[in-house]
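Enquirer: Residue numbers (the working numbering), protein chains in the order written: chain A, 5 to 235; chain H, 156 to 376.
Input: one structure, supplied below.
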């Protein structure tokens with residue numbers, strides 16, 4: 005199953021916020037600047053995930069781009085499960101999955117933000133258009149998200165300069181795969197189809213995300229602002 | 156919050172922290188590495204595969220890739236044997252048996268991949284004894300969870316030690332083990348993904364975990 009299997013998702017819609025395009029552009033730019041990254045991403049870089057005081061300072065530019073790309077995907081997953089949990093339309097195994105996986109994806113967002121510090125990309129706005137409260141569509145979308153997350157991390161692992169960032173990325177990568185298998189089991193589809201899981205490039209990944217039209221230019225299902233007038 | 160803490164500890168064994176230092180391998184590690192290079196039967200009734208790079212900073216090289224892949228091959232051989240024997244005995248039923256049949260093929264493919272990558276450097280298949288783990292549902296479930304979780308953690312623990320090409324290949328295998336782990340955990344009612352990160356294991360820790368299972372009787376190289 006892939007995101008393109010969804011008949012209600014169209015390619016035509018735009019990433020109006022520009023967040024996805026920006027993530028893709030940054031990845032491309034920094035991969036051309038590999039020599040700089042190699043120099044800056046020395047083995048002794050004192051970067052540890054979740055150590056805010058050192059946040060981002062010693063990261064290679066290419067690692068920053070990869071982490072921001074990962075962060076964009078984690079934002080998407082975080083928002084999806086968090087909204088599903090808040091709407092409360094799921095029950096049983098799916099509700100439990102949304103609760104547990106939501107907490108994990110929020111933890112991934114936090115870890116990536118802590119690591120990136122001021123270099124972290126902003127959270128885009130999302131509009132899931134009812135998918136988070138329609139159990140069957142929720143499950144199918146979650147399968148697609150987790151398969152995609154696994155393939156996306158896998159596509160970047162070998163490009164990461166910092167061994168610490170790499171260690172963290174692989175430790176997250178396999179958790180995304182666990183989620184994929186878990187939700188597939190709930191959905192009644194084979195949790196592990198092939199002996200080898202193929203990677204996806206950032207371009208493919210972001211194109212697929214774009215087709216969902218879940219990333220929007222302004223908030224629809226939640227507001228960042230307080231009401232102007234309150235009782 | 157606990158979430159934060161669990162992410163901050165992707166490496167309780169200290170490999171990541173150690174990555175920032177430039178410590179030389181200990182004398183014992185160097186010794187064991189020499190012992191492995193010397194070859195021969197290393198252990199009976201247990202597994203010794205120490206001597207693999209423990210630090211995430213060890214310089215990557217094709218030689219080190221081979222050591223790591225040979226280490227992975229022992230895990231893959233053991234898993235392949237567990238599932239093949241289970242399928243052959245055909246005493247399990249339902250979801251667990253379906254799982255065993257699908258995963259047996261995956262593990263065989265992993266073994267074949269590593270054998271091809273290693274050529275004449277490949278270790279020999281170990282002698283295994285799974286007892287009732289290939290016929291009793293509870294014992295099988297526990298064995299599959301143990302071996303799949305260990306495989307994920309072991310590969311994760313070596314990721315930074317691999318050359319980029321080897322890492323690309325290993326990554327296509329790691330997530331399949333994670334899928335297997337979550338799948339069998341779902342079947343037997345265990346949390347499929349209990350933590351925010353899959354903490355890595357060092358080679359020594361992996362060896363100890365494998366030893367605990369008692370599945371590997373004799374390991375040769």
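Glycine residues also receive a C-beta, built at the ideal position from the N, C-alpha and C atoms.
What is the DSSP secondary structure of residue 357(H), reduced to helix, strand or coil?
Expert: If DSSP states are grouped into helix, strand and coil, residue 357(H) belongs with coil.
Enquirer: Please work out which residues of its chain come closer than 6 Å, Cβ to Cβ, to residue 318(H), disregarding the five sequence neighbours upstream and downstream, and give them in chain order.
Expert: Excluding positions up to five away in sequence, the list reads 215 and 220.
Enquirer: For residue 221(A), does the three-state DSSP call read helix, strand or coil?
Expert: Three-state result, residue 221(A): coil.
Enquirer: Find the nearest neighbour of residue 199(A) within the set 277(H), 358(H), 370(H) and 268(H), judged by alpha-carbon distance.
Expert: Taking only the C-alpha atoms, the option nearest residue 199(A) is 268(H).
Enquirer: Residues in its own chain within less than 6 Å of residue 333(H) by CB, not counting five upstream and five downstream?
Expert: Within the same chain, residue 333(H) has close Cβ partners 307.
Enquirer: Does the distance from the CB of residue 237(A) to the CB of residue 190(A) come in under 8 Å?
Expert: Since the first and last residues shown for chain A are 5 and 235, residue 237(A) lies out of range.
Enquirer: Give the residues of chain C in contact with residue 178(A), contact being defined as C-beta atoms less than 7 Å apart.
Expert: Included in the structure are the protein chains A and H, with no chain C among them.
Enquirer: Measure from the C-beta of residue 365(H) to each C-beta in chain A and report whether the shortest distance is under 8 Å.
Expert: By this cut-off, residue 365(H) is not an interface position.
Enquirer: Where does the unbroken alpha helix (DSSP H) through residue 194(A) begin, and where does it stop?
Expert: Unbroken run through residue 194(A): none, as it is neither H nor E.
Enquirer: One question on the structure: do residue 140(A) and residue 183(A) come within less than 8 Å of each other, judged by their Cβ atoms?
Expert: Their beta carbons are not under 8 Å apart, which means residue 140(A) does not touch residue 183(A) by this criterion.
Enquirer: Under three-state DSSP, which class holds residue 215(H)?
Expert: Of the three classes helix, strand and coil, the one that applies to residue 215(H) here is coil, per DSSP.
Enquirer: For a contact meaning CB atoms closer than 9 Å, what does residue 158(A) contact in chain H?
Expert: Those are 323, 326, 327, 329 and 330, listed as they occur along chain H.
Enquirer: If distances are taken between C-alpha atoms only, which option among 299(H), 242(H) and 323(H) comes closest to residue 342(H)?
Expert: Out of 299(H), 242(H) and 323(H), 299(H) has the C-alpha closest to the C-alpha of residue 342(H).
Enquirer: Would you decide whether residue 246(H) is buried or exposed? Buried here means 16 or more other CB atoms lie within 10 Å of its CB.
Expert: Its Cβ having fewer than 16 others within 10 Å, residue 246(H) is exposed.
Enquirer: Within the 8 Å Cβ cut-off, does residue 341(H) reach chain A?
Expert: For residue 341(H), the answer is yes, since a Cβ of chain A falls inside 8 Å of its Cβ.
Enquirer: Is residue 232(H) close to the ligand NAP? I mean its beta-carbon at under 7 Å from any heavy atom of the ligand.
Expert: With respect to the ligand NAP, the structure offers nothing, as it holds no ligand at all.
Enquirer: Using the three-state DSSP reduction, which class does residue 180(A) fall into: helix, strand or coil?
Expert: If DSSP states are grouped into helix, strand and coil, residue 180(A) belongs with the helices.
Enquirer: Which residues of chain A have a Cβ atom closer than 8 Å to the Cβ of residue 257(H), listed in chain order?
Expert: Those are 194 and 196, listed as they occur along chain A.
Enquirer: Taking only three categories from DSSP, how would you classify residue 246(H)?
Expert: The answer is coil: DSSP assigns residue 246(H) none of H, G, I, E or B.
Enquirer: Below 8 Å between beta carbons is the criterion; list the residues of the stretch 133-155 of chain A that meet it against any residue of chain H, in chain order.
Expert: Listed in sequence order: 154.
Enquirer: Which value, in whole angstroms, describes the spacing of the CA atoms of residue 284(H) and residue 175(A)?
Expert: Rounded to whole angstroms, residue 284(H) to residue 175(A) spans 31 Å at the Cα level.
Enquirer: So with CB distances below 8 Å, who are the chain A contacts of residue 292(H)?
Expert: Those within 8 Å of residue 292(H) in chain A number zero; the least Cβ separation is about 17 Å.
Enquirer: So, is the C-beta of residue 347(H) closer than 8 Å to a C-beta in chain A?
Expert: Yes, contact with chain A.
Enquirer: Establish whether the CB of residue 225(H) and some CB of chain A are separated by less than 8 Å.
Expert: False, the Cβ-Cβ gap to chain A never drops below 8 Å.
Enquirer: For a cutoff of 8 Å on Cβ pairs, would you count residue 373(H) as touching chain A?
Expert: By this cut-off, residue 373(H) is not an interface position.
Enquirer: Tell me the residue span of the alpha helix (DSSP H) that contains residue 210(A).
Expert: Residues 206-216.
Enquirer: Contact defined as beta carbons within less than 8 Å: I believe residue 229(H) pairs with residue 278(H). What is the distance between those atoms, to the nearest angstrom?
Expert: The Cβ separation is near 6 Å, so the contact holds.
Enquirer: Within its chain, find whatever has a CB closer than 7 Å to the CB of residue 78(A); leave out the 5 residues flanking it on each side and keep chain order.
Expert: Result list for residue 78(A): 109, 112, 113 and 116, in chain order.
Enquirer: Within 10 Å of its beta-carbon, does residue 122(A) have 16 or more other beta-carbons around it, so buried, or fewer, so exposed?
Expert: So residue 122(A) counts as exposed.
Enquirer: Can you name the residues of chain H whose CB is closer than 7 Å to the CB of residue 131(A)?
Expert: The contacting residues do not exist; residue 131(A) stays about 26 Å from chain H at best.
Enquirer: Hey, could you find the ends of the alpha helix (DSSP H) residue 332(H) is sitting in?
Expert: From DSSP, the alpha helix (DSSP H) with residue 332(H) extends over 319-343.
Enquirer: Cα separation between residue 304(H) and residue 323(H)?
Expert: So the two alpha carbons sit approximately 20 Å from each other.
Enquirer: Quick one: Cα of residue 156(A) to Cα of residue 272(H), how far?
Expert: Answer to the nearest angstrom: the Cα atoms are 25 Å apart.
Enquirer: Give the list of continuous beta strand (DSSP E) stretches no shorter than 3 residues that lie fully inside the stretch 72-140 of chain A.
Expert: The stretch 72-140 of chain A contains no whole beta strand (DSSP E) run of 3 or more residues.
Enquirer: Buried or exposed for residue 244(H), please, with buried defined as at least 16 other CB atoms from any protein chain shown within 10 angstroms of its CB.
Expert: Exposed: under 16 other Cβ atoms inside 10 Å.
Enquirer: How would you list, in chain order, the residues of chain H whose beta-carbon sits under 9 Å from the beta-carbon of residue 170(A)?
Expert: Under the 9 Å cutoff, chain H gives 211, 314, 315 and 322.
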